[in-house]
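Engineer: Each residue of the sequence shown is one higher than the one before, starting from 142 at the first, in our numbering.
Just so it is clear, CB atoms sit at the ideal spot from N, CA and C, and this is done for glycine as well.
Supplied in structure tokens, the structure appears directly below.
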Amino acid sequence: MESATFSVPELATYLGIGRNKAYELVNNNVLPSLRLGKLIKIPKKAVDEWLMQECKTNLKS
Numbered sequence: 142m143e144s145a146t147f148s149v150p151e152l153a154t155y156l157g158i159g160r161n162k163a164y165e166l167v168n169n170n171v172l173p174s175l176r177l178g179k180l181i182k183i184p185k186k187a188v189d190e191w192l193m194q195e196c197k198t199n200l201k202s
């Protein structure tokens, strides 16, 4: 079964960005996340929705 969440390194790979930038997106609440102790999980669905919204916003500019 495929996981419904990303870790921060998985998020960075998925988006093709650096790990520092991925942490920045999470820490600045650009993407929702769940913190379980030291573990950070980001819902895949939220990432895809955010990505589509960013694309639509950039097309309007």
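By Cβ distance, which residues of its chain are closer than 7 Å to valine 167, with the 5 residues on each side in sequence left out?
Structural biologist: The count along the sequence shown starts at 1 and reaches residue 167 at position 26. Taken in chain order, the residues that qualify are Val149, Ser174, Ile181, Ile183.
Engineer: Can you tell me where the beta strand (DSSP E) with lysine 182 in it begins and where it stops?
Structural biologist: On the sequence shown, residue 182 is found 41 positions in, with the first residue counted as 1. Segment 180-184, the beta strand (DSSP E) holding lysine 182.
Engineer: Counting along the chain, where does the beta strand (DSSP E) carrying leucine 175 start and finish?
Structural biologist: Counting from one through the sequence shown, the residue named residue 175 turns up at place 34. Looking at the DSSP string, the run of the beta strand (DSSP E) that includes leucine 175 is 175-177.
Engineer: Could you say which of Met142, Asn161, Val171, Gly178 lies nearest to alanine 187 if we only look at CA atoms?
Structural biologist: Along the sequence shown, one-based indexing puts residue 187 at 46. Closest by alpha carbon: Val171.
Engineer: Assuming contact is defined by CB atoms lying nearer than 8 Å, are lysine 185 and threonine 154 in contact in what I supplied?
Structural biologist: The count along the sequence shown starts at 1 and reaches residue 185 at position 44. The count along the sequence shown starts at 1 and reaches residue 154 at position 13. In this structure, threonine 154 does not lie closer than 8 Å to lysine 185 by Cβ.
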